[in-house]
Amino acid sequence: MNEWLDPLLLSRWQFGLTTVYHFLFVPLTIGLSLTVAIFQSAWVRTDKARYLQLTHFFGKIFLINFAMGVVTGIVQEFQFGMNWSTYSRFVGDVFGAPLAFEGIVAFFLEATFIGLWIFGWDKLPRGLHLATIWLTTAGSIASAYFILAANAFMQNPIAFRINEARGRAELTDIGELLTNPIALASFPHTIFASFMVSAGLIISVAAWHLVRRQHADSMRPALKFGLWMMVVSGAVTTFFGDSLSLAMTAAQPMKMAAAEALYKTATGADASFSIFTLGTPDGVSELFSVRIPYLLSFLSTKTLDGTVEGINNLQAQYVGLYGPGDYTPTIWITYWAFRWMIGLGLAHILVAVVGLWLTRGGRTPAATWVWKVAIWSFPFSLASMSVGWIFTEMGRQPWLVFGLLKTESGVSPNVTGLEILISLVAFTLIYGVLAVVEFRLILRAVRQGPEDAPVPDPLTGETPQRVTVY
Numbered sequence: 001m002n003e004w005l006d007p008l009l010l011s012r013w014q015f016g017l018t019t020v021y022h023f024l025f026v027p028l029t030i031g032l033s034l035t036v037a038i039f040q041s042a043w044v045r046t047d048k049a050r051y052l053q054l055t056h057f058f059g060k061i062f063l064i065n066f067a068m069g070v071v072t073g074i075v076q077e078f079q080f081g082m083n084w085s086t087y088s089r090f091v092g093d094v095f096g097a098p099l100a101f102e103g104i105v106a107f108f109l110e111a112t113f114i115g116l117w118i119f120g121w122d123k124l125p126r127g128l129h130l131a132t133i134w135l136t137t138a139g140s141i142a143s144a145y146f147i148l149a150a151n152a153f154m155q156n157p158i159a160f161r162i163n164e165a166r167g168r169a170e171l172t173d174i175g176e177l178l179t180n181p182i183a184l185a186s187f188p189h190t191i192f193a194s195f196m197v198s199a200g201l202i203i204s205v206a207a208w209h210l211v212r213r214q215h216a217d218s219m220r221p222a223l224k225f226g227l228w229m230m231v232v233s234g235a236v237t238t239f240f241g242d243s244l245s246l247a248m249t250a251a252q253p254m255k256m257a258a259a260e261a262l263y264k265t266a267t268g269a270d271a272s273f274s275i276f277t278l279g280t281p282d283g284v285s286e287l288f289s290v291r292i293p294y295l296l297s298f299l300s301t302k303t304l305d306g307t308v309e310g311i312n313n314l315q316a317q318y319v320g321l322y323g324p325g326d327y328t329p330t331i332w333i334t335y336w337a338f339r340w341m342i343g344l345g346l347a348h349i350l351v352a353v354v355g356l357w358l359t360r361g362g363r364t365p366a367a368t369w370v371w372k373v374a375i376w377s378f379p380f381s382l383a384s385m386s387v388g389w390i391f392t393e394m395g396r397q398p399w400l401v402f403g404l405l406k407t408e409s410g411v412s413p414n415v416t417g418l419e420i421l422i423s424l425v426a427f428t429l430i431y432g433v434l435a436v437v438e439f440r441l442i443l444r445a446v447r448q449g450p451e452d453a454p455v456p457d458p459l460t461g462e463t464p465q466r467v468t469v470y
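Residue numbers 1 to 470, in the UniProt record's numbering, belong to the letters of the sequence shown in order.
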């Protein structure tokens, strides 16, 4: 029973629960803000009613998701003081700086202009009102950068010094902190992956309506937009994912070794990448695998004869640097999360490519299986990004701040396992209720579909904005 009341174990479960749950809303908020801004821009430029319909339709989903993201994000931040106070005291001066920028600058910008966008439909000129949603988009993207910069410090700690007297890390250069190589590499990869999630939602929703032969005038252009957004964003995400793998290998070689379950250092052809492996869950014993020679070497070093350090060698190095202990993450999680991230990502990019081919020249696929597959685009894209985030965080273990602070050392010293268990159960129940509410609200908005197209004014020829109360 005592092991179930371990404060470290329960604290990790609680933070993992709140982080993954909150992260479900983040990419959709970022992607949908851009999507709505593009649709509204198309309406302002062309005055075509279908773009106004799509603006209102996806705007509703965006606002539902945004509200839920704010609520869950606040709970997540509380945990730094609740269960991880030792971590907060040790790195708060450094870690808190980008989070302060995120709250004061980015979130303030986002929250202010999203309010103007909601209530300004009948009060602001079209151009000025359009600017509010673009500024909301800029705020959401800036917010993501500051949060990724804070996380990058945990992956690759720089721009600090240790104050021995106070027993904590202190910030030395905010510019260096915000230009952490991990942040610069992860930011475009994360942002365009968020656009993929938004594209997946658009494809799924449009396919759901089109298979039922409803709202075709607005859903056809939405589908085409979603398909192109998926393909373009997927290509850019893949490109920057490659850059991120180089930065990750330089900062945390153990993470790359764990992603491939590479126990022995390999060079050239031996540094192969396994596309598919059958074996024990921990990756130690391999029964069968399909491998691409040289690929792991190329991904890690950008050369075909590069050396990729193995888990055993890195473990020995870390024992020498940091003292006795196990410095390997949970191999089966990092190994399979890395592959699910790539596999699911490529799957829904392939769905988009096939969709563009089948809908070329205004064609409408007759086979119902095409639409049924397309509807899975959103779950695939969201799952891909979620397991990618799990890989990023689990691959850093056993460190909270790589090379500085272990996870076991960051837990609040005066919080009991029972207290954490009670809050964990409470959060789980509350989040379960919120999940049901979120799902029902979005599902209802999706089923209702876009509003009827407004009739152009007979005198001016302009399409009225038709104030929508969200």
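Note that beta-carbon positions come from the ideal geometry of N, C-alpha and C, so glycine has one too.
Every value quoted in this text rests on a predicted model; they were computed, and no experiment measured them.
Query	Result
Coarse secondary structure for residue 412, derived from DSSP in three states	coil
Among 360, 265, 21, the one whose alpha carbon lies nearest that of residue 305	265
7 Å Cβ shell around residue 6 - same chain, five flanking residues per side excluded	417
Classification of residue 448 by the beta-carbon crowding that lies within 10 angstroms, buried from 16 upward	exposed
Where residue 48 falls: helix, strand or coil (DSSP)	coil
Contact set for residue 477: own chain, Cβ-Cβ below 6 Å, skip 5 residues either direction	It is not possible to answer for residue 477, since the shown part of the chain is limited to 1 through 470.
Exposure of residue 214, with buried meaning 16 or more beta-carbon neighbours within 10 Å	exposed
Separation of residue 363 from residue 391, as counted between CA atoms	40 Å
Three-state secondary structure assigned by DSSP to residue 102	helix
Neighbour-count burial assignment, residue 439, 16 or more Cβ in a 10 Å radius	exposed
Proximity below 9 Å, CB of residue 200 to CB of residue 219	no
Residue(s) in a DSSP beta bridge with residue 266	308
Residue 402, DSSP secondary structure in three states	coil
Own chain, CB closer than 8 Å to residue 322, minus 5 neighbours either side, in chain order	403
Between the CA atoms of residue 15 and residue 79 - distance to the nearest angstrom	7 Å
Top-ranked residue by Cα proximity to residue 434, from 69, 444, 423	69
Span of the beta strand (DSSP E) around residue 170	168–171
Environment of residue 302 [buried if 16+ CB atoms lie within 10 Å]	exposed
Best match in 111, 177, 105, 93 for proximity to residue 163 [C-alpha to C-alpha]	93
The stretch 328–336 touching the stretch 167–175, judged by at least three CB pairs closer than 8 Å	no
Three-state secondary structure (DSSP) of residue 162	strand
contact_flag[the stretch 130–145, the stretch 23–33] where n(CB pairs < 8 Å) is 3 or more	yes
Member of 223, 20, 109 whose CA lies at the smallest distance from the CA of residue 134	109
Residue 258 beta carbon less than 9 Å from that of residue 311	yes
Residues of its chain near residue 66, where Cβ-Cβ distance is below 6 Å and the 5 sequence neighbours each way are ignored	29
Any 3 or more C-beta pairs closer than 8 Å across the stretch 147–165 and the stretch 35–51	no
Runs of alpha helix (DSSP H) lying entirely within the stretch 179–247, each at least 4 residues, in chain order	181–211
Helix, strand or coil at residue 300 [DSSP, three-state]	helix
Residue burial classification, residue 437 (beta-carbon count within 10 angstroms, cutoff 16)	exposed
6 Å CB neighbourhood of residue 126 in its chain, flanking five on each side removed	44
Where residue 239 falls, given that 16 or more other Cβ within 10 Å makes a residue buried	exposed
Host alpha helix (DSSP H) of residue 112 (start-end)	108–119
Collapsed DSSP secondary structure at residue 386 in the structure displayed	helix
Proximity below 9 Å, CB of residue 386 to CB of residue 343	no
Element boundaries [alpha helix (DSSP H), containing residue 255]	253–259
Residue 174 versus 237, 166, 97, 130, residue with shortest Cα-Cα distance	97
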